[in-house]
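> I am attaching a structure below and will ask some questions about it afterwards.
Number of protein chains: 2
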Amino acid sequence: MSHAVIPALEAVFTVGDVARDADVAPSAVRFYEKTGVITAQRDGGNQRRFDESAPCRIKVAKLAQRVGLTVREIADLFADLPPDPRSQDWGRVAAELVAEAERRTAELRACLAEMQSGGRLCESVDRIPEPPTSPGCRGDHVRSSG
Amino acid sequence: MSHAVIPALEAVFTVGDVARDADVAPSAVRFYEKTGVITAQRDGGNQRRFDESAPCRIKVAKLAQRVGLTVREIADLFADLPPDPRSQDWGRVAAELVAEAERRTAELRACLAEMQSGGRLCESVDRIPEPPTSPGCRGDHVRSSG
DNA sequence: ACTTGACCTCAACATATGTTCAACCGGCAG
DNA sequence: CTGCCGGTTGAACATATGTTGAGGTCAAGT
Numbered sequence: 001m002s003h004a005v006i007p008a009l010e011a012v013f014t015v016g017d018v019a020r021d022a023d024v025a026p027s028a029v030r031f032y033e034k035t036g037v038i039t040a041q042r043d044g045g046n047q048r049r050f051d052e053s054a055p056c057r058i059k060v061a062k063l064a065q066r067v068g069l070t071v072r073e074i075a076d077l078f079a080d081l082p083p084d085p086r087s088q089d090w091g092r093v094a095a096e097l098v099a100e101a102e103r104r105t106a107e108l109r110a111c112l113a114e115m116q117s118g119g120r121l122c123e124s125v126d127r128i129p130e131p132p133t134s135p136g137c138r139g140d141h142v143r144s145s146g
Numbered sequence: 147m148s149h150a151v152i153p154a155l156e157a158v159f160t161v162g163d164v165a166r167d168a169d170v171a172p173s174a175v176r177f178y179e180k181t182g183v184i185t186a187q188r189d190g191g192n193q194r195r196f197d198e199s200a201p202c203r204i205k206v207a208k209l210a211q212r213v214g215l216t217v218r219e220i221a222d223l224f225a226d227l228p229p230d231p232r233s234q235d236w237g238r239v240a241a242e243l244v245a246e247a248e249r250r251t252a253e254l255r256a257c258l259a260e261m262q263s264g265g266r267l268c269e270s271v272d273r274i275p276e277p278p279t280s281p282g283c284r285g286d287h288v289r290s291s292g
């Protein structure tokens, strides 16, 4: 039985198509390809052809940036997505994204609370020997293997 | 009745002091002053003198950046702080910050949900005439009244 | 054949967020 | 007095996130 060869994931959308669908400038579409947020094939005339997930990835990336993720972090997150992601794949990514946003909000809340509690790290008018900031409330946050 | 003149809010901390307390580079301290996150007086030798709120402002700014606020937005938020902020002033700022982080997380969640619901804006394999994205899930977000 | 429009690349520019460096000043210890 | 230490400035550099523009290609329409 000759199944039709899987069509290499119909990459049929042009830069302009994706730009319109995602509501960003074409330059941004090329930028997101360069940084790995989206991927493209090339057609006979060397033009980029995106699959239908591209506009979606960009929209999601924009939302993720809004809660503090870098383009690099977003590309890493999307790296797990299969080509032609299914609804459940998007669901998983969405969940990870929300979880990360909540992690950061929780950290914000916890560190602010720590700063206001006990020793009153803010408004420490007097010498109270500054209880050391807990790990996790220092500005570290790993900068990645890559 | 001669009350002692209010001591201009003891601005006694040097760039180095603040950098050490906030755990950032001295260059960052100058940067934050330039952008209005912290403010300084000058001493006789033209050196910056910060009040005790400076390291705190910087620490809070770092946390806020982590959830997606820009330095500009943070400076605007701090603009409401009185000189020599009290615990309650910090409490208010902290609450606004957490509220903003939550607003953004909620928007993330809502827009992701919208994208996955009904028309399946992602994975729209077929022509389903793309229900328009709701306002609020477009990348607008006002860019400031100078 | 010519024009048009959308694409291509690559470089320059622009803004945000910092760091580094050179050149200089001022106080304090030896 | 002489260093050194830490402060000052301004400029240059660096990275992230894009935009703009010059110069070229390619297919479609007239």
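Chains as they are written, first to last, in this note's numbering: chain A, 1 to 146; chain B, 147 to 292. In this text, a Cβ means the ideal position worked out from N, Cα and C, and glycines have one as well.
Would you mind reading off the limits of the alpha helix (DSSP H) that contains CYS202 of chain B?
Taken as a continuous stretch (DSSP letters only), the alpha helix (DSSP H) holding CYS202 of chain B covers 199-212.
> Which residues, taken in chain order from the segment 228-246 of chain B, show a beta carbon closer than 7 Å to some beta carbon of chain A?
Answer in chain order: PRO231, ARG232, SER233, TRP236, GLY237, ALA240, LEU243 and VAL244.
> Return no unless some Cβ of chain B is closer than 8 Å to the Cβ of LEU108 of chain A.
At least one chain B Cβ lies under 8 Å of LEU108 of chain A.
> Classify THR251 of chain B: buried if its beta carbon has 16 or more other beta carbons within 10 angstroms, exposed otherwise.
THR251 of chain B should be labelled buried.
> Residues of chain B with CB under 7 Å from ASP23 of chain A, in chain order?
Within 7 Å Cβ-Cβ: ARG284 and GLY285.
> So if I threshold CB-CB distances at 9 Å, which residues from the segment 60-83 of chain A count as touching chain B?
Residues VAL60, LYS62, LEU63, ALA64, GLN65, ARG66, VAL67, GLY68 and LEU69.
> What are the boundary residues of the alpha helix (DSSP H) that includes LEU81 of chain A?
Run containing LEU81 of chain A: none; DSSP gives neither H nor E here.
> Can you grab the Cα-Cα spacing for the pair ARG92 of chain A / ILE204 of chain B, in whole Å?
Each residue's alpha carbon lies about 35 Å from the other.
> Determine whether the beta carbon atoms of VAL71 of chain A and THR35 of chain A lie at a separation below 8 Å.
In contact: VAL71 of chain A and THR35 of chain A (Cβ atoms closer than 8 Å).
> Check the C-beta distance from ARG30 of chain A over to GLN41 of chain A and give it rounded, since I have them as a contact under 8 Å.
Their Cβ separation, rounded to whole angstroms, is 14 Å, which puts ARG30 of chain A and GLN41 of chain A out of contact at 8 Å.
> Against chain A, with Cβ distances strictly below 8 Å, would THR160 of chain B count as a contact?
Chain A, which has no Cβ nearer than 8 Å to the Cβ of THR160 of chain B, makes this no.
> Do ARG66 of chain A and LEU243 of chain B have their beta-carbon atoms positioned less than 8 Å apart in this structure?
Taking 8 Å as the Cβ cut-off, LEU243 of chain B and ARG66 of chain A do not qualify as a contacting pair.
> Comparing alpha-carbon positions, which option in B:ALA200, B:CYS283, B:ARG284 and B:CYS257 lies nearest ALA174 of chain B?
The candidate whose alpha carbon is nearest that of ALA174 of chain B is B:ALA200.
> Of the residues that make up the segment 176-200 of chain B, which ones have a beta carbon closer than 9 Å to any beta carbon in chain A?
The residues in question are GLU198 and SER199.
> Is there at least one Cβ from chain A nearer than 8 Å to GLU248 of chain B's Cβ?
At least one chain A Cβ lies under 8 Å of GLU248 of chain B.
> Is the beta carbon of CYS122 of chain A sitting closer than 8 Å to the one on CYS257 of chain B?
No, these two residues do not count as a Cβ contact at 8 Å.
> Grab the span of the alpha helix (DSSP H) containing LEU97 of chain A for me, first residue to last.
Residues 87-116.
> Should ALA165 of chain B go down as buried or exposed, given a rule of 16 or more other Cβ atoms within 10 Å for buried?
Buried.
> On a CA-only basis, which of B:HIS287, B:PRO231 and B:GLY214 is nearest GLN116 of chain A? Give me that one, please.
It is B:PRO231 whose Cα lies nearest to the Cα of GLN116 of chain A.
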